[in-house]
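Note that our numbering gives residue 298 to position 298 of the sequence shown, counting from 1, and the numbers run on in steps of one.
Okay, so here's the structure we're looking at.
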Amino acid sequence: MRKVYFQEYSEENFNAGTKARNDCDRILSESGYEPYYLKYSRKPRKRFFRKISMAAMLARCSHCFLQYPYYTVPLAVDDYRLIFSCFRGRLDCLVHDVNSLRYGGGSGPGPDFRALAARADRLIVHTPSMKEALVRTGGIPPEKVEVLYLFDYLTDDGITPADPDGRTVIFAGNLDKSTFIRDLGRLPDGIRFNLYGAPSVNIHKTPGCIYKGKFRPEEVSFLEGDWGLVWDGDSIDTCSGPLGEYMRLNSPHKTSLYLAAGKPLIVWRESALRDFVMENRLGIDVGSLGEVGSRLDSLTAEEKREIATAVACFSRKVRSGAFLKQFLG
């Protein structure tokens, strides 16, 4: 019997936003899954018959793997019901984002996600906190939900070594939505920030904050610095606003980017990833960005060695697809 996964079309670009999905597609392909390409049509009749074709194809399959949500060809409640009406195999779903949790102020998952969850055999989510939120607000059985912790980040690019005693912090991502970067110049001297991403009005050049440009997602050697910052929202004092609050649930893809590049992490103390990072010696936690300098000063030589060893180990894991492969068995 066939094993298939649904694949969206994506253009090559300088945004790592699609890399998580592309890496998942590649890992699935290397694990024996065949792609079924999702194609958008403006014609309702054509869209309907494509879904009938998908249902007929799935009736002959033993496994199907989805990535939620789909953007170029969004699937609604009735779509899931129709597409999987004749499918009797195993359905696994990797959850990239739940936008109702991301932007909805803690509201539960929407009807499309609930329809998918009702049919899925397994949902793979970012963190234990995201699992708890979906179980609590979505009525999803806890035994159906498993935790990924980190997205994989496939690359063969070299690593620019981090200096264990260095004080240069990298922040890479969507600089337009990361409004906290406007205030990095207000932080105490002694910490330098290197910013990577598309140009943004939020970038205020100061001696301690330098815009370094953009890079292709797989070119991790482009990142210059000693620590990778996992932060979001509109404040340097805490992760605030809807995107900052979402840090309590999600595992940002930039976390895996930094590890693939061999950089230890700086995470928000109240983030969903904090316990995982600290237990695995992958970096430090801070309550505000003003604490970064003192936290770095407090590290002993032994702690720095432990962090460097752990980061090297997890770098190999995310580069090889180890986190998703554990669910493909």
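From the three backbone atoms N, C-alpha and C, an ideal C-beta is built for every residue, glycine too.
Closest residue to residue i among the options (Cα-Cα distance)
| i | options | result |
| --- | --- | --- |
| Leu249 | Val4, Ser107, Phe87, Lys39 | Ser107 |
| Ala172 | Pro199, Gly190, Tyr37 | Pro199 |
| Asn99 | Leu259, Met247, Gly228 | Met247 |
| Cys313 | Arg269, Arg295, Leu259 | Leu259 |
| Arg47 | Leu66, Asp23, Leu75 | Leu75 |
| Lys177 | Ser240, Asp156, Phe215, Leu123 | Ser240 |
| Val270 | Arg2, Lys263, Ile284, Arg122 | It is worth fixing the name first, because residue 270 is Glu in this sequence and not Val. Closest by alpha carbon: Ile284. |
| Arg2 | Pro111, Cys64, Arg21 | Cys64 |
| Tyr71 | Thr127, Arg21, Arg119 | Arg21 |
| Tyr18 | Tyr68, Arg50, Ser29, Val4 | It is worth fixing the name first, because residue 18 is Thr in this sequence and not Tyr. Taking only the C-alpha atoms, the option nearest Thr18 is Tyr68. |
6 Å CB neighbourhood of residue i in its chain, flanking five on each side removed
| i | result |
| --- | --- |
| Leu357 | There is simply no residue 357 to check, as the chain begins at 1 and stops at 329 in what is shown. |
| Ser31 | Leu328 |
| Asn13 | Summary for Asn13: the model assigns pLDDT 43, below 50, so the residue's position carries little reliability, and this model does not support an answer. |
Under 8 Å between C-beta atoms of residue i and residue j
| i | j | result |
| --- | --- | --- |
| Thr160 | Glu219 | no |
| Gly208 | Phe193 | yes |
| Cys93 | Leu66 | yes |
| Phe84 | Leu123 | no |
| Ala272 | Met130 | yes |
| Phe323 | Leu91 | no |
| Ser256 | Tyr103 | no |
| Pro252 | Ala162 | no |
| Leu229 | Ile266 | yes |
Unbroken beta strand (DSSP E) run spanning residue i, endpoints
| i | result |
| --- | --- |
| Glu63 | Per the sequence shown, the amino acid found at residue 63 is His instead of Glu. First-last of the beta strand (DSSP E) with His63: 61-68. |
| Ile210 | 209-211 |
Residue range of the unbroken alpha helix (DSSP H) whose run includes residue i
| i | result |
| --- | --- |
| Glu219 | Element bounds for Glu219: n/a, residue is neither H nor E. |
| Asp79 | 77-83 |
8 Å Cβ shell around residue i - same chain, five flanking residues per side excluded
| i | result |
| --- | --- |
| Val135 | Pro141, Pro142, Val145 |
| Ile210 | Arg192, Phe193, Asn194, Leu195 |
| Gly138 | Gly108, Pro109, Phe113, Arg114, Ala117 |
Bridge partners - residue i, DSSP secondary structure assignment
| i | result |
| --- | --- |
| Pro35 | Tyr5 |
| Phe193 | Val169, Cys209 |
| Leu123 | Cys93, Val145 |
| Val230 | Val267 |
Neighbourhood of residue i by C-beta distance below 7 Å, restricted to the same chain and skipping five residues each side
| i | result |
| --- | --- |
| His204 | Arg182, Gly185 |
| Ser288 | Ile236, Asp237, Thr238 |
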